[in-house]
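**Q** Okay, here's the structure, questions in a sec.
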Amino acid sequence: MRSVDWREAQNRLDSLLDMVQKEPVTVTRDGQVVAFLVSPEEFRLLEDFLAARSRRRENAAEFEALFDTNAGADSRKIRGDAPNGGE
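Sequential numbering from -14 applies to the sequence shown in this note's numbering.
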């Protein structure tokens, strides 16, 4: 990943826009990272990744809530294979 100072980024924005099509660019100010420049495709991939991670967390929370609700219950009743139809 290429890293440039914010002044260089300001002066060379046109060439940086071409560069980010190949690799992300880190912009720094006073030695600290202040921005990342990425291509639209990389940004879409990041959005997709974050959305998938959010869905996984939601699914995990739903699973944990279901598990907590059934805590202490006979696991055969939960699965539905207990004798007498789960009764």
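For each residue, glycine too, the CB sits at the ideal point set by N, CA and C.
#1: For Ala(-6), count neighbouring Cβ atoms within 10 angstroms of its own Cβ and tell me buried if that reaches 16, exposed if not.
#2: Does Arg42 come out as helix, strand or coil in the three-state DSSP assignment?
#3: For Leu(-2), does the count of other Cβ atoms within 10 angstroms reach 16, so buried, or fall short, so exposed?
#4: Leaving out the 5 sequence neighbours to the left and right, which residues in its chain are closer than 8 Å to Leu1 when beta-carbon positions are compared?
#5: Does Val19 pass the burial test, meaning 16 or more other C-beta atoms within 10 Å, or should it be called exposed?
**A** The short version:
#1: As a first step, residue -6 must be located in the sequence shown, where it is residue number 9. Ala(-6) comes out buried.
#2: By one-based count along the sequence shown, residue 42 stands at place 57. Helix.
#3: Taking the first residue of the sequence shown as position 1, residue -2 is located at position 13. Per the 10 Å Cβ criterion, exposed.
#4: Counted from its first residue, the sequence shown places residue 1 at position 16. Counting only Cβ-Cβ distances below 8 Å, and skipping sequence neighbours, we find Val(-11), Ala(-6), Val10 and Leu22.
#5: Position 34 of the sequence shown, counted from the first residue, corresponds to residue 19. The C-beta of Val19 has fewer than 16 other C-beta atoms within 10 Å across all chains shown, which makes the residue exposed.
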